[in-house]
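Chemist: This structure is in structure tokens; I'll ask about it shortly.
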DNA sequence: TTTAGTAGTCATAATTTTCTGACTTATTGC
DNA sequence: GCAATAAGTCAGAAAATTATGACTACTAAA
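Residue numbers (my numbering), protein chains in the order written: chain G, 64 to 166; chain P, 64 to 166.
Right, here's the structure in full:
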């Protein structure tokens, strides 16, 4: 977490950046759930047991900052907020699939 | 680091495990160098600037514990120790390549 | 014999990441 | 009005990760 995006300096390992985007205690889980369906904050909090508001909030923000998720405000009566995979986020799905096939 | 391998419990995200193997400040870099050539502790320490003995030592041990690297003692006069990619380790190379092609 | 290199370990310290609980704003239902 | 849900923020505490410096054991060279 706190993936200091501003300091991308001396990035000698090209895969390291991407790997960092998905490191952090809950990010892979968040990503997996995002592949299945749009994310809602409060249901995420219920789905990922052991997690907490603060960390999920920061993780979502960071995943958005690096362009893997995007926040969508659904202008309806109760005003929903969804966090969806972006195209960049979707491009990571095959990598995930590959990781899953190993293990 | 300190990838508590014993506690693999409630692993709901299948890719999370693999992702964790390569998370940690220096592991992706170590992995990348291991793809290029067998690793030697002291040269690794020189190659990865900003790193330190302790962390590298723990990272190497953990990468070995999860079966991505293997320690090979070369019984020659000055007694060398090499850390090489295992088959499992090699199987991750395409995933790395994919990660690099994105970014 | 003193120095240098390899390959580490150990205890402790500093830094980062994650967690807890209180609090906020807005809307809906009773 | 009062409680509940959604979607958070904030400060501070706790836990995990990473870094530092000292030290070990062995070999080899000067």
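C-beta atoms are modelled at their ideal positions from N, C-alpha and C, and glycine is treated no differently. Bear in mind that the values here come from a model prediction, so they are computed numbers and not experimental data.
(1) Any contact between the region 114-122 of chain P and the region 121-128 of chain G? By contact I mean 3 or more CB pairs, one from each, below 8 angstroms.
(2) Give, in chain order, every residue of the region 90-114 of chain P whose Cβ lies closer than 7 angstroms to some Cβ of chain G.
(3) What is the DSSP secondary structure of residue 131 (chain P), reduced to helix, strand or coil?
(4) Using a Cβ cut-off of 8 angstroms (strictly closer), state whether residue 150 (chain G) contacts chain P.
(5) Quick test of your reading: residue 145 (chain P) and residue 135 (chain P), contact by CB under 8 angstroms. State the CB separation rounded to the nearest angstrom.
(6) Would you call residue 67 (chain G) buried or exposed, if buried means 16 or more other Cβ atoms sit within 10 Å of its Cβ?
(7) Measuring only between beta-carbons, confirm whether residue 79 (chain G) sits less than 8 angstroms from chain P.
(8) Terminal residues of the continuous beta strand (DSSP E) containing residue 162 (chain P)?
(9) I need the straight-line Cα distance from residue 103 (chain G) to residue 111 (chain G), nearest angstrom please.
(10) Given this structure, state the Cα-to-Cα distance separating residue 92 (chain P) from residue 165 (chain G), to the nearest angstrom.
(11) Beta-carbon separation of residue 148 (chain P) and residue 97 (chain P) under 8 angstroms?
(12) Using only the alpha-carbon positions, how far apart do residue 116 (chain P) and residue 108 (chain P) sit?
(13) What first and last residue would you give for the alpha helix (DSSP H) that runs through residue 148 (chain G)?
(14) Can you list, in chain order, the residues of the region 122-156 of chain G whose Cβ is nearer than 9 angstroms to any Cβ on chain P?
(15) Quick one: list the residues of chain P neighbouring residue 86 (chain G), beta-carbon separation under 9 angstroms, in chain order.
(16) Drop a sphere of 10 angstroms on the beta-carbon of residue 155 (chain G), count the other beta-carbons inside from all chains shown, and report buried for 16 or more, exposed for fewer.
(17) Starting from the beta carbon of residue 161 (chain P), find every residue of chain G whose beta carbon is closer than 8 angstroms, and list them in chain order.
(18) Within the same chain, show all residues whose beta-carbon is closer than 7 angstroms to that of residue 161 (chain P), passing over the 5 residues directly before and after it, in chain order.
(19) Shorter than 8 angstroms from the beta carbon of residue 165 (chain G) to some beta carbon of chain P?
Modeler: Short version:
(1) Too few Cβ pairs lie closer than 8 angstroms, so no.
(2) Going along the region 90-114 of chain P in chain order, one finds 91, 92 and 95 with a Cβ nearer than 7 angstroms to chain G.
(3) In the second chain, counting from the first residue as 1, residue 131 (chain P) sits at position 68. Of the three classes helix, strand and coil, the one that applies to residue 131 (chain P) here is coil, per DSSP.
(4) Position 87 of the first chain holds residue 150 (chain G). So no, residue 150 (chain G) is outside the interface.
(5) Position 82 of the second chain, counted from the start, is the residue given in the question as residue 145 (chain P). Position 72 of the second chain, counted from the start, is the residue given in the question as residue 135 (chain P). Right, the Cβ-Cβ distance comes to about 5 angstroms (below 8 angstroms), so this counts as a contact.
(6) Counting from one through the first chain, the residue named residue 67 (chain G) turns up at place 4. Bear in mind that a pLDDT of 40 at residue 67 (chain G), under 50, signals an unreliable position, so the number given afterwards is only what the model happens to contain. Exposed: under 16 other Cβ atoms inside 10 Å.
(7) As a working mapping, residue 79 (chain G) is identified with position 16 in the first chain. Interface residue, yes.
(8) By one-based count along the second chain, residue 162 (chain P) stands at place 99. No beta strand (DSSP E) contains residue 162 (chain P), which is instead part of the alpha helix (DSSP H) from 156-164.
(9) Here the question's residue 103 (chain G) lines up with position 40 in the first chain. Here the question's residue 111 (chain G) lines up with position 48 in the first chain. Approximately 12 angstroms between the Cα atoms of the pair.
(10) If you number the second chain from 1, residue 92 (chain P) lands on position 29. If you number the first chain from 1, residue 165 (chain G) lands on position 102. Residue 92 (chain P) and residue 165 (chain G) have their alpha carbons spaced roughly 20 angstroms apart.
(11) Here residue 148 (chain P) is taken as the residue at index 85 of the second chain, counted from 1. Here residue 97 (chain P) is taken as the residue at index 34 of the second chain, counted from 1. For residue 148 (chain P) and residue 97 (chain P), yes; Cβs fall inside 8 angstroms.
(12) Position 53 of the second chain, counted from the start, is the residue given in the question as residue 116 (chain P). Position 45 of the second chain, counted from the start, is the residue given in the question as residue 108 (chain P). For residue 116 (chain P) and residue 108 (chain P), the distance between alpha carbons rounds to 7 angstroms.
(13) Within the first chain, residue 148 (chain G) is the residue found at index 85, counting from 1. In this chain, residue 148 (chain G) is not harboured by any alpha helix (DSSP H); it is covered by the beta strand (DSSP E) spanning 143-148.
(14) In summary, the residues of the region 122-156 of chain G whose CB is separated from some CB of chain P by less than 9 angstroms are 151, 154 and 155, in the order they occur in the chain.
(15) Residue numbering aside, residue 86 (chain G) sits at position 23 when the first chain is read from its first letter. Listed by position along chain P, the residues whose Cβ is nearer than 9 angstroms to that of residue 86 (chain G) are 82, 83, 85, 86 and 87.
(16) Taking the first chain and counting its residues from 1, the one referred to as residue 155 (chain G) is at position 92. Buried, because 16 or more other Cβ atoms sit within 10 Å of the Cβ of residue 155 (chain G).
(17) Sequence index remark: in the second chain, residue 161 (chain P) carries index 98 (1-based). Here the neighbours are 157, 158 and 161.
(18) Reading the second chain from its first residue, position 98 is the one you call residue 161 (chain P). The answer is none, since no qualifying residue turns up.
(19) Counting from 1 along the first chain, the entry for residue 165 (chain G) is found at position 102. Yes, contact with chain P.
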